[in-house]
Amino acid sequence: VKEKYLKKWRKSENIWLRRTTLLFQLGYKKETDFDLMCEIIKENLGSDEFFINKAIGWALRQYAHTNPMPVKNFVKATKELNSLSRREALKNIGE
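Per the working numbering, numbering through the sequence shown is continuous, rising by one, with the last residue being 96.
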């Protein structure tokens, strides 16, 4: 069921559905599929929607509590990351 909605919602024109695909793993901690998260984030790079950019940062920041190095590396490698997303992602791990 999850995959069915993810596939459809991550390409949606509706920002709230796209935002949901960015945030659905918030509580997964070590079970987070970081590669999937990064894929979905990359699909949303360049968005001028505040709530999308905030969600990107929030998702990364939350995962950084569990595993900060991949988040730091992703932020460093992803130059197109919005400044809000970048700031939120690194909020508790510095950089």
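By construction, the Cβ of each residue, glycine as well, lies at the ideal position given by its N, Cα and C atoms.
Where does residue i fall in DSSP's three states?
| i | result |
| --- | --- |
| ILE94 | coil |
| LEU27 | coil |
Short of 7 Å in beta carbon distance, which residues of its chain neighbour residue i, apart from the five on each side in sequence? Order them along the chain.
| i | result |
| --- | --- |
| TRP59 | LEU24 and GLU89 |
| LYS81 | The residue asked about is misnamed: residue 81 is Glu in this sequence, not Lys. Contacts found: LEU46 and GLY47. |
Could you pull the start and end residues of the alpha helix (DSSP H) that residue i belongs to?
| i | result |
| --- | --- |
| GLU4 | 3-10 |
| ASN83 | Where ASN83 is concerned, there is no enclosing alpha helix (DSSP H), given that its DSSP letter is neither H nor E. |
Just mark residue i as buried or exposed, buried being the case when its beta carbon has 16 or more other beta carbons within 10 Å.
| i | result |
| --- | --- |
| ASN74 | exposed |
| SER86 | buried |
| MET38 | buried |
| ASN54 | buried |
| VAL2 | exposed |
If you drop the 5 nearest sequence neighbours on each side, which residues of the same chain put their C-beta closer than 8 Å to that of residue i?
| i | result |
| --- | --- |
| THR79 | ILE42, LYS43 and LEU46 |
| ASN93 | ARG62, ALA65 and HIS66 |
Can you give, in chain order, each stretch of the alpha helix (DSSP H) that sits fully within the region 39-81 and has at least 4 residues? Entirely contained in the region 39-81, the alpha helix (DSSP H) runs reaching 4 residues are, in chain order, 51-67 and 69-78.
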